[in-house]
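A.B. asks:
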Amino acid sequence: MKNLTPLAQTYLDRFDTARESLPGHDNPAVVALRESGLARFASLDFPGRKVEEWRFTNLSPLTKGIETTEAPANAALPAAEFETPHIMTFVNGHFSANESRLDKLPDGVKLSSVAAELDAGNSALLGSDAEDKRAVVALNTAFMEDGFVLMVEDGVSVTEPILIRFLSLLGTGTNAHHMRNVIRLGQNSAITLVEEHAGIDGHAYFANPMTNITLAADAKLNHYKYQAESNTAFHLANTDTELAAGAVYENFALTTGARLARNELESRITGSGAVSILNGAYLIRGQQHADTTTITRHLVPENESRQVYKGILDGEAQGVFQGKIQIVPDAQQVNGDQLSRSLLLSDRASVSVKPELEIHADDVKCSHGASSGELDEDALFYLQSRGIDEKSARKMLIDAFLADVLEEISNDGVREYFAKVTARWMDKV
Amino acid sequence: MLEIKDLHATVGGKEILKGITLSIKAGEIHAVMGPNGAGKSTLSYVLAGRDGYEVTSGEVLYKGENLLDLSPDERAAKGIFLAFQYPVEIPGVPSATFLKTAYNAQRKARGEPEVDAMEFLKLIREKTKELGIKDDMLKRAVNVGFSGGEKKRNEVLQMSLLEPDMMLLDETDSGLDIDALKIAADGVNRLRSPERAALVITHYQRLLDYIVPDFVHVLADGKIVKSGDKSLALELEEKGYAALSAA
Ligand SMILES: Nc1ncnc2c1ncn2[C@@H]1O[C@H](COP(=O)(O)OP(=O)(O)OP(=O)(O)O)[C@@H](O)[C@H]1O
Ligand SMILES: [Mg+2]
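Respectively, the protein sequence lines represent chains A and B. For what it's worth, the numbering used here labels the leading residue of the first sequence as 6, then goes sequentially. For what it's worth, the numbering used here labels the leading residue of the second sequence as 8, then goes sequentially.
#1: Whole-angstrom Cβ separation of A:R238 and A:A209, contact assumed at under 8 angstroms?
#2: Going by DSSP in three states, A:I393 sits in which element: helix, strand or coil?
#3: Heavy atom of ligand 2 less than 6 angstroms from the Cβ of B:S48, yes or no?
#4: Between the alpha carbons of A:A221 and A:R189, how many angstroms are there, rounded?
#5: For the stretch 417-431 of chain A, which residues have a beta carbon sitting closer than 7 angstroms to at least one beta carbon of chain B?
#6: Are the beta-carbon atoms of A:Q293 and A:A322 separated by less than 7 angstroms?
#7: Based on Cα-Cα distance, which residue from B:G194, B:L169, B:P98 lies nearest to B:I140?
#8: Whose Cβ in chain B lies nearer than 9 angstroms to the Cβ of A:A286?
#9: Considering only residues of the same chain and omitting the five flanking positions on each side of B:A192, which have a CB-CB separation below 6 angstroms?
#10: Do B:S78 and B:V149 have their C-beta atoms within less than 7 angstroms of each other?
#11: Closer than 6 angstroms to a non-hydrogen atom of ligand 1 - does that hold for the CB of A:N63?
#12: At a threshold of 6 angstroms, does B:K21 count as lining ligand 1 (C-beta to nearest heavy atom)?
#13: Say whether the stretch 329-336 of chain A touches the stretch 345-358 of chain A, bearing in mind that this needs 3 or more beta-carbon pairs closer than 8 angstroms, one atom from each stretch.
#14: Does the beta carbon of A:G378 come closer than 7 angstroms to any beta carbon on chain B?
#15: Cβ closer than 7 angstroms: which chain A residues qualify as neighbours of B:S64?
#16: Starting from the C-beta of B:E96, find all residues in its chain whose C-beta is less than 6 angstroms away, skip the five residues before and the five after it, and write them out in chain order.
#17: Across which residues does DSSP place A:E247 in a beta bridge pair?
#18: Evaluate B:A254 with the Cβ neighbour count: other Cβ atoms within 10 Å of its Cβ, from every protein chain shown; 16 or more gives buried, anything less gives exposed.
#19: Of all the options B:M144, B:T108, B:K146, B:E133, which has the alpha carbon lying nearest to the alpha carbon of B:D123?
#20: Taking 6 angstroms as the cut-off, is the C-beta of A:G378 nearer than that to any heavy atom in ligand 1?
#21: Exposed or buried, A:A384, counting other C-beta atoms within 10 Å across all chains shown (16 or more means buried)?
#22: For A:F171, name the three-state secondary structure that DSSP assigns.
#23: Taking the DSSP output, what are the residues bridged to B:A205?
#24: Within the 7 angstroms Cβ cut-off, does A:V434 reach chain B?
#25: Across the stretch 81-96 of chain B and the stretch 47-63 of chain B, are there enough close Cβ pairs to call them in contact, namely three or more that are closer than 8 angstroms?
#26: Within 6 angstroms: the Cβ of B:G44 and any heavy atom of ligand 1?
#27: What number of angstroms, rounded off, separates the C-alpha of A:M149 from the C-alpha of A:H183?
#28: Is it buried or exposed for A:H365, if we count other Cβ within 10 angstroms and need 16 for buried?
#29: For chain A, check one thing: does any of its Cβ atoms lie closer than 7 angstroms to the Cβ of B:A83?
#30: Are the beta-carbon atoms of B:K115 and B:E121 separated by less than 7 angstroms?
#31: Please list the residues of the stretch 377-408 of chain A that have a C-beta atom closer than 9 angstroms to any C-beta atom in chain B, keeping them in chain order.
#32: Distance check for B:V67 and B:E10, CA to CA, integer angstroms please.
#33: I'd like to know whether the C-beta of B:G155 is nearer than 7 angstroms to at least one C-beta of chain A.
#34: Out of A:E40, A:L12, A:S105, A:N193, which has the shortest C-alpha to C-alpha gap to A:D21?
#35: Answer with yes or no whether the minimum CB distance from B:R57 to chain A is below 7 angstroms.
#36: Is the beta carbon of A:G113 less than 7 angstroms from the beta carbon of A:V161?
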């Protein structure tokens with residue numbers, strides 16, 4: 006057998022003891038699922054840079070093993086800043102009923118914890134990932150410890166957003182959290198979900214969330230994610246979404262955290278009239294690395310996908326955007342647009358971009374654009390010449406760069422929240 | 008008001024201003040004319056404080072203070088205003104936000120109270136009306152998609168709003184139609200006062216029919232080669248710069 010990376014080896018070594026305390030440990034179906042996940046992970050290992058999809062993101066700082074760093078002792082639970090009646094909180098990888106508020110959810114909406122579902126033997130709702138080629142997904146399947154399951158019945162819509170918080174604090178738990186989430190929206194239902202991933206700076210850990218989303222016909226999901234992990238954390242997230250006819254998926258990922266992050270999204274459009282919108286903004290500095298990788302599969306005719314990602318990079322930060330749009334044969338009358346733009350505030354910051362159009366139908370409209378540049382010196386001088394000081398002028402221009410992508414967020418409260426977060430980030434530029 | 012003494016400046020390592028001496032007193036209007044590439048815009052940028060325009064020798068006093076020590080925004084707050092030859096497009100920044108930020112920034116720097124949105128709106132409406140500018144321009148991003156003439160009008164609008172003491176106009180007339188030229192000139196003339204002064208860069212004598220200068224200077228190859236009263240502009244119009252250097 007080939008040599009595994011040190012971290013992969015520790016997972017294999019630990020599995021037998023760890024499984025006893027993982028949810029569903031006495032359920033044969035769950036056990037079988039975990040074992041198949043582990044077997045796949047063992048044969049895959051963490052991807053190295055020779056793997057094409059990982060060319061720009063080097064996982065070796067993670068895979069050589071995370072050093073447990075001393076984080077500041079005052080690891081208090083950060084209060085939720087976004088206001089909504091519905092909050093579900095996970096602390097160090099486990100559902101915390103104390104920090105959650107789920108009693109206001111209307112009929113037809115079920116929000117439960119994966120640990121509870123697995124303990125009850127409901128592994129079927131996770132589906133099968135036997136064919137999945139992603140190592141971190143296989144690892145998640147083997148070690149998944151908790152997460153949320155959101156089921157919405159046909160025709161039900163919830164006006165107030167549901168906030169799901171994943172907090173990593175210094176504590177008794179391990180320094181890795183494999184969260185597994187499932188979202189199923191019934192026909193014509195509508196939900197707004199805000200995911201927040203946060204940790205205390207200085208605390209080193211590995212967050213590996215996997216989210217499976219199924220949208221039935223005409224369902225609408227506004228899915229917003231704010232990734233503010235600790236500045237020494239690793240965050241590798243996968244979100245798979247399947248859209249039936251007329252379904253609308255709006256995703257916006259705001260990234261400011263983690264030492265190394267990859268947000269990977271795969272949309273499978275399986276119905277006409279469906280719309281997949283993947284947008285995001287990443288604001289990184291220092292030695293941060295943020296990778297956004299998207300795959301949009303148009304599997305039937307007459308549907309649409311749009312993507313806009315904007316990055317602001319300071320210090321020696323590195324950004325990656327890989328966007329693949331696949332249009333299968335006969336998927337005619339499809340629109341697919343993709344745009345990636347970045348603003349480099351330092352000449353040591355860099356961005357790698359790889360758009361990939363895989364189009365096998367002829368009656369389609371597809372576009373992709375990518376640009377990266379510095380702040381416009383002429384514009385900066387123009388503002389200053391009117392009396393605006395340099396710092397404010399820079400801030401105005403950075404704001405302007407981000408403005409149009411934040412505009413894409415259709416939920417007003419979330420848009421304001423994210424604008425506040427980005428403004429705070431810019432204050433430190 | 009503005010004392011420029013033997014000013015030398017380089018751009019990209021190349022000497023462009025080669026010893027300019029010019030004294031502008033409060034209440035005066037000075038016109039600067041001269042061939043393309045002579046250094047007129049360079050002079051205006053040096054006065055406004057643009058990065059990359061390096062003063063190698065000489066000095067500039069503004070109201071008795073060393074102007075070259077100040078940052079561009081400090082100069083603006085103290086009353087220097089440059090109407091750009093090529094106004095800059097700033098995507099994503101709405102004109103109204105830009106104008107209000109600039110207006111309040113200057114007030115703040117001078118220790119004056121900032122104005123609120125309502126007050127500002129009233130003020131800016133007055134100015135757009137005076138200058139025949141459509142209000143919907145305020146909603147658009149600064150200069151983005153503006154026609155050449157609209158950009159120039161926008162410069163005059165900013166100037167009318169900020170009411171500078173020292174107006175530097177770099178070819179504000181280029182690109183304006185005949186009616187707009189009159190309106191822009193009115194805008195400048197409205198600001199004329201015994202406490203204010205202007206330096207008007209232009210290629211055309213026509214502007215000077217509306218903004219009548221006290222002095223006309225010819226800038227060629229980084230130096231002022233001739234100065235006179237407004238009749239010099241007429242003479243240049245007739246004979247061109249070639250005749251001047253031949254003389
Ligand atoms: N970054 C630069 N590096 C080198 N030379 C420059 C640079 N910027 C301007 N110049 C040169 O400086 C000279 C003066 O330019 P300036 O724009 O001041 O001329 P001007 O008198 O305003 O001309 P015009 O009437 O065409 O507006 C020109 O020869 C120009 O090419
Ligand atoms: Mg010029």
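Just so it is clear, CB atoms sit at the ideal spot from N, CA and C, and this is done for glycine as well. Because the structure is a prediction, the values reported are computed rather than measured.
C.D. replies: Taking the definition as stated:
#1: Against the first sequence, residue 238 of chain A aligns to sequence position 233. Against the first sequence, residue 209 of chain A aligns to sequence position 204. Note that residue 238 of chain A corresponds to Ala in the displayed sequence, not to Arg. Right, their Cβ atoms sit about 6 angstroms apart.
#2: Taking the first residue of the first sequence as position 1, residue 393 of chain A is located at position 388. A:I393: coil per DSSP, three-state reduction.
#3: Taking the second sequence and counting its residues from 1, one reaches residue 48 of chain B at position 41. Result yes, Cβ under 6 angstroms from ligand 2.
#4: As a working mapping, residue 221 of chain A is identified with position 216 in the first sequence. As a working mapping, residue 189 of chain A is identified with position 184 in the first sequence. Whole-angstrom Cα-Cα distance: 8 angstroms.
#5: With the criterion set as a beta carbon lying under 7 angstroms from some beta carbon of chain B, the stretch 417-431 of chain A has no members that meet it.
#6: Numbered from its first residue, the first sequence carries residue 293 of chain A at position 288. Numbered from its first residue, the first sequence carries residue 322 of chain A at position 317. With respect to A:A322, A:Q293 sits close: the two C-beta atoms are nearer than 7 angstroms.
#7: If you number the second sequence from 1, residue 140 of chain B lands on position 133. Closest option to B:I140, judged by alpha-carbon separation, among B:G194, B:L169, B:P98: B:G194.
#8: Counting from 1 along the first sequence, the entry for residue 286 of chain A is found at position 281. Ordered by position in chain B, no residue passes the 9 angstroms Cβ test against A:A286, which lies about 13 angstroms from the chain.
#9: Mapped onto the second sequence, residue 192 of chain B falls at position 185. For B:A192, same chain residues with a beta-carbon under 6 angstroms away, outside a window of 5 residues either side, are Y217, I218 in chain order.
#10: Within the second sequence, residue 78 of chain B is the residue found at index 71, counting from 1. Within the second sequence, residue 149 of chain B is the residue found at index 142, counting from 1. No, these two residues do not count as a Cβ contact at 7 angstroms.
#11: By 1-based counting over the first sequence, the position of residue 63 of chain A is 58. The beta carbon of A:N63 sits no closer than 6 angstroms to any heavy atom of ligand 1.
#12: Residue 21 of chain B sits at position 14 when you count from the first residue of the second sequence. Yes, since a heavy atom of ligand 1 falls inside the 6 angstroms radius drawn around the Cβ of B:K21.
#13: Segments in contact, no.
#14: Locating residue 378 of chain A in the first sequence gives position 373, counting from the first residue. Chain B contact via Cβ: absent.
#15: For the purposes of this step, residue 64 of chain B is identified with residue 57 of the second sequence, where counting begins at 1. Listed along chain A is no residue with a C-beta nearer than 7 angstroms to that of B:S64; the closest approach is about 23 angstroms.
#16: In the second sequence, counting from the first residue as 1, residue 96 of chain B sits at position 89. The residues are N150, V151.
#17: Translated into the one-based positions of the first sequence, residue 247 of chain A becomes position 242. Note: A:E247 sits in a beta bridge opposite A:T219, A:R273.
#18: Counting from 1 along the second sequence, the entry for residue 254 of chain B is found at position 247. For B:A254, the pLDDT reaches just 45, beneath the cut-off of 50, and the residue's location in the model is therefore unreliable, although a value from the coordinates is still provided. B:A254 counts as exposed, since fewer than 16 other C-beta atoms from the protein chains shown sit within 10 angstroms of its C-beta.
#19: The residue you call residue 123 of chain B lines up with position 116 of the second sequence. Looking from the CA of B:D123, the closest CA among B:M144, B:T108, B:K146, B:E133 belongs to B:T108.
#20: As a first step, residue 378 of chain A is located in the first sequence; it is residue number 373 there, counting from the start. It does not: the Cβ of A:G378 is nowhere closer than 6 angstroms to a heavy atom of ligand 1.
#21: Locating residue 384 of chain A in the first sequence gives position 379, counting from the first residue. Per the 10 Å Cβ criterion, buried.
#22: As a position in the first sequence, residue 171 of chain A is number 166, starting the count at 1. The three-state reading of DSSP puts A:F171 in strand, counting E and B together.
#23: Against the second sequence, residue 205 of chain B aligns to sequence position 198. Its beta-bridge partners are B:I36, B:M174.
#24: Here residue 434 of chain A corresponds to residue number 429 of the first sequence, with the count starting at 1. So no, A:V434 is outside the interface.
#25: The way I'd put it, the stretch 81-96 of chain B does touch the stretch 47-63 of chain B; three or more beta-carbon pairs between them come closer than 8 angstroms.
#26: Counted from its first residue, the second sequence places residue 44 of chain B at position 37. Relative to ligand 1, B:G44 has its C-beta within less than 6 angstroms of a heavy atom.
#27: Numbered from its first residue, the first sequence carries residue 149 of chain A at position 144. Numbered from its first residue, the first sequence carries residue 183 of chain A at position 178. About 5 angstroms.
#28: Your numbering for residue 365 of chain A matches position 360 in the first sequence. It is exposed - the Cβ of A:H365 has fewer than 16 other Cβ atoms within 10 Å.
#29: The sequence position of residue 83 of chain B within the second sequence is 76, counting from 1. B:A83 belongs to the set of residues whose beta carbon lies under 7 angstroms from a beta carbon in chain A.
#30: Residue mapping note: residue 115 of chain B aligns to position 108 of the second sequence, counting from 1. Residue mapping note: residue 121 of chain B aligns to position 114 of the second sequence, counting from 1. Their beta carbons are under 7 angstroms apart, which means B:K115 touches B:E121 by this criterion.
#31: Taking a C-beta cut-off of 9 angstroms against chain B, the contacting residues of the stretch 377-408 of chain A are D381, E382, D383, A384, L385, F386, Y387, L388, Q389, S390, R391, G392, I393, D394, E395, S397, A398, M401, L402, D404, A405, F406, L407, A408, listed in chain order.
#32: Counting from one through the second sequence, the residue named residue 10 of chain B turns up at place 3. Counting from one through the second sequence, the residue named residue 67 of chain B turns up at place 60. Their backbone Cα atoms lie some 5 angstroms apart in a straight line.
#33: Mapped onto the second sequence, residue 155 of chain B falls at position 148. By this cut-off, B:G155 is not an interface position.
#34: Walking along the first sequence from the start, residue 21 of chain A turns up at place 16. In this structure, A:E40 is the residue among A:E40, A:L12, A:S105, A:N193 with its C-alpha nearest to the C-alpha of A:D21.
#35: As a position in the second sequence, residue 57 of chain B is number 50, starting the count at 1. By this cut-off, B:R57 is an interface position.
#36: Along the first sequence, one-based indexing puts residue 113 of chain A at 108. Along the first sequence, one-based indexing puts residue 161 of chain A at 156. Contact: yes.
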